[in-house]
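For the record, in the sequence shown the residue sitting at position 39 is 55 according to this note's numbering, with numbers rising by one throughout. Cβ atoms here follow ideal geometry from the backbone N, Cα and C, with glycine treated the same way.
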Amino acid sequence: MYMIKNAKIIENKELKEVTILIEAGKIKQIVSGNNIPTSVEKAIDAKEHVVFPGFIDPHVHFNDPGFTEREDFETGTRSAAAGGITTVIDMPCTSIPPVTNGPNFDYKLNIVKPKAYVDFAFWGGVTPEQVESGEYKKSLKELKDRGIVGVKFYTISGMELYPRMSVPNMDKAFRLMKELNLVCAIHAEDYYLVDYYSHLMQEMRREDPESWSEGRTYEAEPEAIWSVVGITEKVGNKLHIVHLSTKEGLNVIRWAKTQGLNVSTETCPQYLVFTTEDFKKMGSILKIAPPLRKEEDREELWRGLKDGSIDFICTDHAAGKYPEGKSFPNIWKNYAGIPGTQLAVPMMLHYGYHKERLTLGEIQKLMSENTAKRYGLYPQKGIIKVRSDADFTIVDLDKEWVVEPSKLESKGKYSPLTGKKLKGQIYMTIVRGEVVYKENKGVVGTKGYGKLIKNRIK
Ligand SMILES: [Zn+2]
């Protein structure tokens, strides 16, 4: 047994000084102030810093096995530990084979488990072929039994092994997902609009960053969201829209919520900090899909986080080979993605808390509690409470530091924030009672310590 002393936790929107007792990886007791039981000798000093329940990144692409030249589970989870993320949820599509049935799930688990520094959960997948052959009925059940948090679907896909789903196939899959009580997560960009405008840009021989944004046209997101919300309205399944980027898309989700549909959404720090104007100036380092949008979209996303219409924050962590993958003069040839897990918490502290857009309590909900609840990890994760896992992100709110790509644990050593001074940094990351990252020492956890966390919703 040991304790974390001089800790400040958020309780009823106020900071409260406590001592947290930890035994066997779980929270054993929380006592006010420094009323420390004399029997406990070992202590970690939180030095009056704010202690959050471990943060969760519910949308990462760690590419393992299959695309490990870009990222693997070791470098991915090390970047999570250094970024104060105690649980990551990995996408099903950026590994070979994709996680589309029980054996594929087991295969990936065996490969990634020995590399993990923090806890992890998996997204599952369904392909159009599986729906058409009827095999999805068996494979989805296998995945549900293994604890996936939900299934990711694409309305548009550049991945050979994980193609986009048509509306009729999604309709079928959503019905089974409702029976299994699983979240259907959608990458929402309308295929036909993006296909049309992307070809148009290339016919015009456009190679500038803006042509990527114009190709993946604005309307594609709200259009695709309308389409899947329409299915959900009929079927009554749980729907989640990933990496939301537009104001219009958010308004569709707001409407769906007022209709009582079981719909949630997330956005990423990159959509909250950068716009098309930055993309024009900085080029391919900010190439992502969906692309960055306008100032008014960015501001509306902040409002959505504040008013609760956006449920949580994720990073869509996707590291490209750098500089090779991001150095073509033609924007269309560059890799789309940013490694985000290590910087998400500092970005939310700097641009959210210090710019007075969000309170610490709101950040706690958006980066831990709401996520854990939606994906069935609660109350094991997502809260500081007796019997919950002893996962903590301790932050130094006032620490000022400069972003340096060489300090990133990811294989993708690049960031659009290079050279930027941020206020707020991770002081310590603790996973089930074990310190995995410490300020000034770096990642101190053990490779293979991280374990699979299962969705508990039956
Ligand atoms: Zn993604």
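Member of the options whose CA lies at the smallest distance from the CA of residue i
{"i": "N197", "options": "Y443, G163 and Y208", "result": "G163"}
{"i": "W242", "options": "L266, M220, S229 and P113", "result": "L266"}
{"i": "P432", "options": "S426, Q441, S48 and E420", "result": "E420"}
{"i": "Y208", "options": "S227, R309, S173 and R221", "result": "S173"}
{"i": "D327", "options": "S384, Y152, S343 and N28", "result": "S384"}
{"i": "M186", "options": "G246, H215 and M220", "result": "G246"}
{"i": "N7", "options": "E64, E33, M193 and I38", "result": "Nothing can be reported for residue 7: it is not among the residues displayed for the chain, which extend from 17 to 474."}
{"i": "R314", "options": "P307, S261, F344 and G341", "result": "S261"}
{"i": "D122", "options": "G140, E151 and V134", "result": "G140"}
{"i": "Y465", "options": "L288, V258, K129 and T248", "result": "K129"}
{"i": "E87", "options": "V459, S426, V134 and A360", "result": "S426"}
{"i": "L438", "options": "M363, S95, D224 and L424", "result": "M363"}
{"i": "G428", "options": "E311, G356 and D323", "result": "G356"}
{"i": "W228", "options": "K423, I347, V418 and G49", "result": "I347"}
{"i": "K42", "options": "R232, V402 and G276", "result": "V402"}
{"i": "K273", "options": "R309, Q286 and I257", "result": "I257"}
{"i": "K349", "options": "R221, I400, G458 and T331", "result": "R221"}
{"i": "Q380", "options": "K337, L321 and A334", "result": "L321"}
{"i": "E455", "options": "G449, K463, G435 and W417", "result": "W417"}
{"i": "Y391", "options": "S48, T375 and D73", "result": "D73"}
{"i": "V451", "options": "N28, I399, I38 and K29", "result": "I38"}
{"i": "L216", "options": "E226, G231 and D224", "result": "G231"}
{"i": "N471", "options": "V268, S343 and F138", "result": "F138"}
{"i": "I26", "options": "W271, V447, G398 and I354", "result": "G398"}
{"i": "M181", "options": "E151, L125, V199 and V244", "result": "V244"}
{"i": "A360", "options": "V76, V142, P108 and G458", "result": "V76"}
{"i": "V134", "options": "T143, G150, E145 and V104", "result": "V104"}
Start and end residues, beta strand (DSSP E) containing residue i
{"i": "M444", "result": "K437 to V447"}
{"i": "T434", "result": "Careful: T434 lies outside any beta strand (DSSP E) and carries neither H nor E."}
{"i": "Y208", "result": "Note, Y208: premise wrong, no beta strand (DSSP E); alpha helix (DSSP H) at Y207 to E219."}
{"i": "F408", "result": "F408 to V418"}
{"i": "L37", "result": "E30 to E39"}
{"i": "I46", "result": "K42 to S48"}
{"i": "I304", "result": "Premise fails: I304 is in no beta strand (DSSP E) and is neither H nor E."}
{"i": "A189", "result": "First-last for A189: V183 to L196, but that is the alpha helix (DSSP H), not the beta strand (DSSP E)."}
{"i": "I202", "result": "V199 to H203"}
Three-way DSSP call (helix, strand, coil) for residue i in this model
{"i": "M175", "result": "coil"}
{"i": "Q396", "result": "coil"}
{"i": "L277", "result": "coil"}
{"i": "D5", "result": "Outside the modelled stretch of the chain, which goes from 17 to 474, sits residue 5, for which no answer is possible."}
{"i": "D73", "result": "strand"}
{"i": "W139", "result": "coil"}
{"i": "V251", "result": "helix"}
{"i": "Q5", "result": "The structure shown has nothing for residue 5, since the chain only spans 17 to 474."}
{"i": "I164", "result": "coil"}
{"i": "M364", "result": "helix"}
{"i": "T375", "result": "coil"}
{"i": "V460", "result": "coil"}
{"i": "N22", "result": "strand"}
{"i": "Y15", "result": "Nothing about residue 15 can be read from this structure; the chain reaches only from 17 to 474."}
{"i": "I354", "result": "coil"}
{"i": "I60", "result": "strand"}
{"i": "A388", "result": "helix"}
{"i": "D294", "result": "helix"}
{"i": "F68", "result": "strand"}
{"i": "I476", "result": "Outside the modelled stretch of the chain, which goes from 17 to 474, sits residue 476, for which no answer is possible."}
{"i": "K13", "result": "The structure shown has nothing for residue 13, since the chain only spans 17 to 474."}
{"i": "K484", "result": "Outside the shown range of the chain, which is 17 to 474, sits residue 484, and nothing can be said about it."}
{"i": "I101", "result": "strand"}
{"i": "L321", "result": "helix"}
{"i": "F328", "result": "strand"}
{"i": "E27", "result": "strand"}
{"i": "F89", "result": "helix"}
{"i": "A272", "result": "helix"}
{"i": "A334", "result": "coil"}
{"i": "L156", "result": "helix"}
{"i": "I469", "result": "coil"}
{"i": "Y369", "result": "helix"}
{"i": "I347", "result": "helix"}
{"i": "D405", "result": "strand"}
Start-to-end residues for the alpha helix (DSSP H) that takes in residue i
{"i": "S229", "result": "P225 to G231"}
{"i": "Y123", "result": "G118 to V128"}
{"i": "V147", "result": "P144 to S149"}
What does the shell around ligand 1 hold, if a residue joins when its beta-carbon is under 7 angstroms from any heavy atom? H75, H77, M107, H203, V258, H259, D332 and A334
Is it the case that the stretch 436–452 contacts the stretch 92–106, given that we only count it when at least three CB pairs across the two stretches are under 8 angstroms? yes
Any 3 or more C-beta pairs closer than 8 angstroms across the stretch 60–69 and the stretch 405–416: yes
At least three beta-carbon pairs within less than 8 angstroms, the stretch 75–85 to the stretch 108–125: yes
For the pair the stretch 234–241 and the stretch 204–224, tell me if three or more CB-CB distances fall below 8 angstroms. yes
Should the stretch 175–194 be called in touch with the stretch 143–163, which here means at least 3 C-beta pairs below 8 angstroms? yes
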